[in-house]
Structures are given as structure tokens and as C-alpha cells.
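Inspection log for the structure reproduced underneath, given as C-alpha cells.
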Amino acid sequence: MIKRGGVYIMESAEIVGDVTIGENSSVWSKAVIRGDECSVTIGKTTNIQDMCVIHPETDIPMEIGDNVTIGHGAVIHCRKIGSHCMIGMGALILDNAEIGEYSIIGAGAVVLENAKMPPRSMVLGIPGKVVRAIDDDGIKRIKSAALNYLRLSQAHYKGEYKRIS
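What follows is the structure in C-alpha cells.
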């Protein structure tokens, strides 16, 4: 893992074009962030996990807030993800969708084009629907995930985990 401008980046990640990433954020193995058609802005202490694809719709800049966890294999093609959100593994968030702060998108959920999910939403299913509000325990879980990935990033950067292949 390397560190550039305060951002932790695995060597196999691809970051292209107009992409701005906040301090203490991390981009993991084989993740792709494409700012070739439009800009991507990612906040502080946000983690983009292995094999995610982040690519904004043409002519609509993408904003991902602070302390966001984007799980393995998620595809993000939306307008905005608010701060303090958790996006589950394999979730799809489609064109022009917006996710309110302190929300959780469940693993494998599909948030449809133009959907607007309010703050503190638990979204599950295909198509993604709000099934309940996020309580204080859910908010603690979201914050804990972001801090855990910061800790992991720092450990990888320091060489605490050796590559064996």
C-alpha cells in the first residue's frame, strides 16, 4: 500500500481523471475510480474496498461524503452518497441516485436511477426500498467500520501485512 497526499492506495487500484480524495481515505485492491467523463469527489476517512467501480454519469459530478464505507464489489454510478454511510458488498447505485447521510445500503441491493433515499435509511432489496430508519446503534456501526478501515490502511502502509503472492 502506498500513501499519496494523505490517501492510502493499494498498488492494484486504478484512479483516473478528475478525482479528488480526502485525507485518511483508502482505495483497496482492484478498485476503479474513473473521473474521465466527470469529476469524482470523495471525502475524508472514506474507504473504497476491493473491486469497487466508481464512475459518474456523464456531465453530473459525483460526491461521496466523509466516513463512508463502500463494500467489496459495489458499483457506484450515482450523483451523491452523504457522509457516514455504509454501502454493502455487491450493491449497485445507479445514475443520478442520491443517498442521504447516515444510511446503510444492504449487500446486493439495487438503488434505481433517480432514486432519492432520505437520511438514516436502511435500504434493502431489488429494487432498493427503505425498510426502516437507522437507529443510534446503526450509526455507531457505520462510524466503527470507517475507523476500522483507517486502522487497516495504516497497518498495511506500515508493512504489518506482508504480501505472499
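Quick note: the sequence shown uses this note's numbering, first residue 257, plus one each step. Every residue, glycine too, gets a C-beta built ideally from N, C-alpha and C. Keep in mind that this is a model prediction, so the values were computed, not measured.
The DSSP assignment places no complete run of the beta strand (DSSP E) inside the segment 348 to 374 (cut-off: 3 residues).
Here DSSP, grouped into helix, strand and coil, assigns I332 to strand. Secondary structure of N404 (DSSP, three-state): helix. Under DSSP, V288 takes part in a beta bridge, and its partners are E270, V309.
Relative to the Cα of S285, the nearest Cα in the group A365, V263, M257 belongs to M257. For I395, the secondary structure class from DSSP, reduced to helix, strand or coil, is helix.
Between I332 and C341, the C-beta gap is not smaller than 8 Å, which leaves the two residues out of contact.
Short of 8 Å from the beta carbon of T325, and not among the five residues preceding or following it, lie these beta carbons of its own chain, in chain order: T302, N303, Q305, C341, M342, I343, I398, A401, A402, Y405. Counting along the chain, K259 sits inside the beta strand (DSSP E) bounded by residues 258 to 260. S281 and I382 have their C-alpha atoms spaced approximately 29 Å apart. Residue range 263 to 265 is occupied by the beta strand (DSSP E) that includes I265. Under the DSSP definition of a beta bridge, E319 partners with T297, K336. The C-alpha of I360 lies about 8 Å from the C-alpha of I390. If you draw a 10 Å sphere on the C-beta of R376, you find 16 or more other C-beta atoms in it, and that means buried. V283 is bridged by DSSP to I265, I304.
Rounded to the nearest whole angstrom, the C-alpha separation of I316 and D274 is 13 Å.
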